[in-house]
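Heads up, the thing below is written out as structure tokens.
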Amino acid sequence: MRTRSLFAAAGLMALAWLSSQPLSGQEPKTPDEPKPTLDLKLEVPPDAIPGSFRMFLVKDGRFEPLKDVDGKLLKGPTGKDIPSPKNREGKIHCLVCENGLAPIVAVFVKSDAGTVGPDTGVGKLAKGLNAMVPKYRADKLSGFVAFLNLESGPKVVTVKTKRADGTEAEEKVEQDMEYPDDEMRDKHAAAILGAADGLNVPNVPFGLAPQKSKSNMAWGLKETDEVTVVVYYRMRRIGAAFTFEKAADLTDEKVAEILKTVEKAILQQK
197 MRTRSLFAAA GLMALAWLSS QPLSGQEPKT PDEPKPTLDL KLEVPPDAIP GSFRMFLVKD
257 GRFEPLKDVD GKLLKGPTGK DIPSPKNREG KIHCLVCENG LAPIVAVFVK SDAGTVGPDT
317 GVGKLAKGLN AMVPKYRADK LSGFVAFLNL ESGPKVVTVK TKRADGTEAE EKVEQDMEYP
377 DDEMRDKHAA AILGAADGLN VPNVPFGLAP QKSKSNMAWG LKETDEVTVV VYYRMRRIGA
437 AFTFEKAADL TDEKVAEILK TVEKAILQQK
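The working numbering numbers the first residue of the sequence shown as 197 and each following residue consecutively.
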């Protein structure tokens with residue numbers, strides 16, 4: 197038994213020595229040789245879109261109200277239908293975050309919602325997208341119309357955090373104004389709701405966002421353009437944005453081109 201133990205100890209010592217030796221053709225490293233550093237800086241592709249766009253969701257008909265096992269609509273205490281938990285209508289929401297890598301047609305409109313009807317370029321684009329969504333539902337095609345009508349400007353908010361010792365700390369942070377900060381918000385929302393109801397496009401949400409903001413700048417939205425359309429897929433812009441100084445410049449030909457662009461992007465990924 198003692199002999200076996202000696203052989204085992206000798207074998208372990210030999211293995212330890214071999215593991216410490218450099219491989220054939222490999223020079224041993226000196227103790228003071230510096231370790232290579234990793235460069236964790238990532239370049240953002242030029243066609244990448246910003247990660248978010250917050251807006252007040254005025255109209256969203258994508259999700260039906262809740263139903264019971266018999267298919268009957270569930271009613272709340274006030275007698276109104278109980279909305280789906282997925283429906284963020286009436287709240288500030290980011291549809292870019294919600295849709296993720298899906299193909300998207302993002303429409304940004306600076307003109308008043310009262311000027312948008314079924315015969316306008318924005319209206320025809322919304323109706324065309326609404327009809328296309330069921331066709332490419334498996335590909336999660338979606339889109340939205342954001343009206344940039346809210347009063348804009350910076351505001352200072354107080355953010356409360358906790359220190360390492362458990363005590364509370366307050367920090368003043370500058371942010372862009374949003375829906376609650378505009379006294380005319382309800383008027384703008386009512387106009388957008390009227391436009392959405394007139395178009396009858398349940399697959400296309402309508403929202404309300406500030407006229408100017410850091411998000412607008414990140415998306416490349418120019419003050420001189422009444423309508424900007426961005427088609428993107430997998431968070432990458434498909435070609436250049438479609439920009440129109442006047443809403444009337446969004447013609448039937450341009451509407452068809454935009455819809456063809458997103459359809460082509462989907463088919464190329466199949």
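Glycine residues also receive a C-beta, built at the ideal position from the N, C-alpha and C atoms.
Q: Helix, strand or coil for T490, going by three-state DSSP, please let me know.
A: The structure shown does not extend to residue 490, since the chain is modelled only from 197 through 466, so no value can be given for it.
(Q) For a test of the three-state rule: what should DSSP assign to T457, helix, strand or coil? (A) Position 261 of the sequence shown, counted from the first residue, corresponds to residue 457. Correct three-state label for T457: helix.
Q.
Give the list of continuous beta strand (DSSP E) stretches no shorter than 3 residues that lie fully inside the segment 231 to 277.
A. For the segment 231 to 277, whole beta strand (DSSP E) runs of length 3 or above, ordered along the chain, are 250 to 255.
Q | Per-residue burial, K460 [other beta carbons within 10 Å of its own, 16 or more giving buried] | A | In the sequence shown, counting from the first residue as 1, residue 460 sits at position 264. By the 10 Å Cβ count, K460 comes out exposed.
Q. If L385 sits next to F252, beta carbons under 8 Å apart, how far is it from one beta carbon to the other, in whole angstroms?
A. The residue given as residue 385 occupies position 189 in the sequence shown. The residue given as residue 252 occupies position 56 in the sequence shown. Reading off the sequence shown, one finds Ala at residue 385, where the question assumed Leu. With 8 Å as the limit, A385 and F252 qualify as a contact, their Cβ atoms being about 7 Å apart.
Q: Measuring alpha carbon to alpha carbon, tell me which of D315, H289, P242, T274 ends up nearest L395.
A: Locating residue 395 in the sequence shown gives position 199, where the first residue counts as 1. With respect to the C-alpha of L395, the residue from D315, H289, P242, T274 having the closest C-alpha is D315.
Q: Answer with buried or exposed for V458, where buried requires no fewer than 16 other C-beta atoms within 10 angstroms of its C-beta.
A: Taking the first residue of the sequence shown as 1, we reach residue 458 at position 262. V458 comes out buried.
Q: Hey, could you find the ends of the beta strand (DSSP E) D372 is sitting in?
A: Counting from 1 along the sequence shown, the entry for residue 372 is found at position 176. D372 -> beta strand (DSSP E) spans 364 to 372.
Q) Taking Cβ to Cβ, would you say L389 is nearer than 7 Å to K255? A) Translated into the one-based positions of the sequence shown, residue 389 becomes position 193. Translated into the one-based positions of the sequence shown, residue 255 becomes position 59. Taking 7 Å as the Cβ cut-off, L389 and K255 qualify as a contacting pair.
Q: Mind checking which residues open and close the beta strand (DSSP E) that includes S307?
A: For the purposes of this step, residue 307 is identified with residue 111 of the sequence shown, where counting begins at 1. Run containing S307: none; DSSP gives neither H nor E here.
(Q) Under 8 Å, with one C-beta from each stretch per pair, do the segment 281 to 290 and the segment 362 to 370 reach the 3-pair mark? (A) With the rule of 3 Cβ pairs closer than 8 Å, the segment 281 to 290 does not count as touching the segment 362 to 370.
Q) Is the distance from the Cβ of I400 to the Cβ of N326 below 7 Å? A) Against the sequence shown, residue 400 aligns to sequence position 204. Against the sequence shown, residue 326 aligns to sequence position 130. For the record, residue 400 in the displayed sequence is Val; it is not Ile. Yes. Within cutoff.
Q | Beta-ladder partner(s) of T424, from DSSP | A | Numbered from 1 along the sequence shown, position 228 holds the residue referred to as residue 424. Under DSSP, the beta-bridge partners assigned to T424 are F304, T439.
Q. Does the count of Cβ pairs from the segment 407 to 414 and the segment 317 to 337 closer than 8 Å reach three?
A. Proximity of the segment 407 to 414 to the segment 317 to 337 falls short of the contact definition, fewer than three beta-carbon pairs being nearer than 8 Å.
Q) Is it right to say I300 is buried, meaning 16 or more other beta carbons lie within 10 angstroms of its own, or is it exposed? A) Stepping through the sequence shown from its first residue, residue 300 is reached at position 104. Buried, because 16 or more other Cβ atoms sit within 10 Å of the Cβ of I300.
Q.
Can you tell me whether M197 is helix, strand or coil according to DSSP?
A. For the purposes of this step, residue 197 is identified with residue 1 of the sequence shown, where counting begins at 1. Reliability fails at M197, whose pLDDT of 49 lies under 50, so the model's placement of it is uncertain and no value is given.
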